[in-house]
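Heads up: the structure comes next, in structure tokens.
Residue numbers (the working numbering): 42 to 476.
As structure tokens, this is what we get:
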């Protein structure tokens, strides 16, 4: 089918190239001319394993194209996906400015009947509002149907998740439109769940809020483990063997980040307030996560009393491995705390250094390798569990650091292995190794 994707950010690109890969003719549209020029040359503006290879392959095959002209991109489309950003307002509500603007632009462009698919994460009831907005701004006498098709992609494995997902949710009030989108997605061979529009919108928020709750829960258990002398790794492993619980999202650490969990939990809290329900559990989830991001600095302050003038290295800046995304990353909070403590800060991330330079405040020194980053360091904080860090020869810490002391916010290393090396090691929810 002929498909247009309005918004070529993370979700739009992953969606567009995947639909092209299964044989649809896809045009990805974005107002950013520089981004479109880069994509037309086969280069991806974001780091995501497998994405650039799909872009090049489908550009060459003629299934994928890019444009910054919404008229050109949508004029012949049978289906239009809206994948623009829905950022968070200061009060936690969702900013719908861009998605409403995109809807009006679509209304002024389309000259044939189309199905409009909301892929962006939006509050319950938004799809109905967008349908009305489009119909009010139509230039030509055409018919539109609206479908909610929320995304459940994990950054760092978005392409894999598209073809190996747990389910595809399709929410619609029109059975024909739902059936068309079902056929569009059938080649992915992923179970399809068809619901009402509002159900689909709520499924997205409820899923992310539940996963965030699991993370904050295991982090609270980790805090108790430290106080009673237990090991959260052993606790979580045995908990996860229970099929009702499962192992995923039971890794203790310094909290969740990214573009989804922080935004979606706060949006659901606001949505609950709008219907006069105080979502106390989710408020606690957010509070625990905010506190968790301060944890390593607090541990280091307890160890040293003062971090003033100390050379502190941060390994990992992205909010998770296999992405250069730093939205709501723990590294931002940690850097701010260390600047307040007047520490000397050196940072290194395998792919997010350039993003960090646009995100972190002045006063941060950037290293181009692990070795350069940790040389002469008095303290190392591990903030992102990149495979590069997990595979490091641990003797390098002792060889390169001025004082081999590690505060591991992602529990990258086995305690029994760490005991072999002359390294002071502090992690989350596990006994410290002192020298």
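The beta-carbon is built from N, C-alpha and C at its ideal position, and this holds for glycine as well.
Computed from a prediction, not measured in an experiment: that's the story for all the values here.
| Asked | Found |
| --- | --- |
| What did DSSP end up calling residue 107 once you bin it into helix, strand or coil? | strand |
| For residue 331, I'd like the list of residues in its chain whose CB is within less than 8 Å of its CB, leaving aside the five on either flank, ordered along the chain. | 296 |
| Does the region 69 to 87 come into contact with the region 48 to 56, if we say contact requires no fewer than three beta-carbon pairs (one atom in each stretch) closer than 8 Å? | yes |
| Does the distance from the C-beta atom of residue 384 to that of residue 336 stay below 8 Å? | no |
| Would residue 421 and residue 401 be called neighbours here (beta carbons separated by less than 8 Å)? | no |
| In its own chain, which residues sit with a C-beta less than 7 Å from the C-beta of residue 364, not counting the 5 before and 5 after it? | 88, 89, 196 and 197 |
| For residue 465, which residues does DSSP report across the bridge? | 446 |
| Taking the beta strand (DSSP E) that residue 422 belongs to, which residues open and close that run? | 420 to 423 |
| Jot down the residue ranges of each uninterrupted beta strand (DSSP E) in the region 366 to 395, minimum 3 residues, whole runs only, in chain order. | 385 to 389 |
| Three Cβ pairs or more, each shorter than 8 Å: is that satisfied between the region 75 to 88 and the region 150 to 161? | no |
| Among 452, 417 and 445, which has the Cα closest to the Cα of residue 430? | 452 |
| Residue 415 and residue 438 - do their beta-carbons sit closer together than 8 Å? | yes |
| Check each candidate in 425, 323 and 300 and name the one with the smallest Cα separation from residue 355. | 425 |
| Between residue 129 and residue 245, which are expected to be in contact by the criterion C-beta below 8 Å, what is the C-beta distance as a whole number of angstroms? | Contact flag wrong, Cβ pair sits at about 15 Å. |
| Using C-beta distances below 7 Å, list every residue in its chain close to residue 281, excluding the 5 sequence neighbours before and after it, in chain order. | 287, 288 and 291 |
| For the alpha helix (DSSP H) containing residue 349, name the first residue and the last one. | Looking at the DSSP string, residue 349 is not in any alpha helix (DSSP H), and its letter there is neither H nor E. |
| According to DSSP, which residues form a beta bridge with residue 43? | 66 |
| To test your reading of the DSSP string, which unbroken beta strand (DSSP E) runs of 3 or more residues are found completely within the region 134 to 203? | 155 to 159 and 185 to 189 |
| As a quick exercise: from 373, 319 and 461, pick the residue whose alpha carbon is nearest that of residue 404. | 373 |
| Please state if the CB of residue 445 and the CB of residue 428 are separated by a distance shorter than 8 Å. | no |
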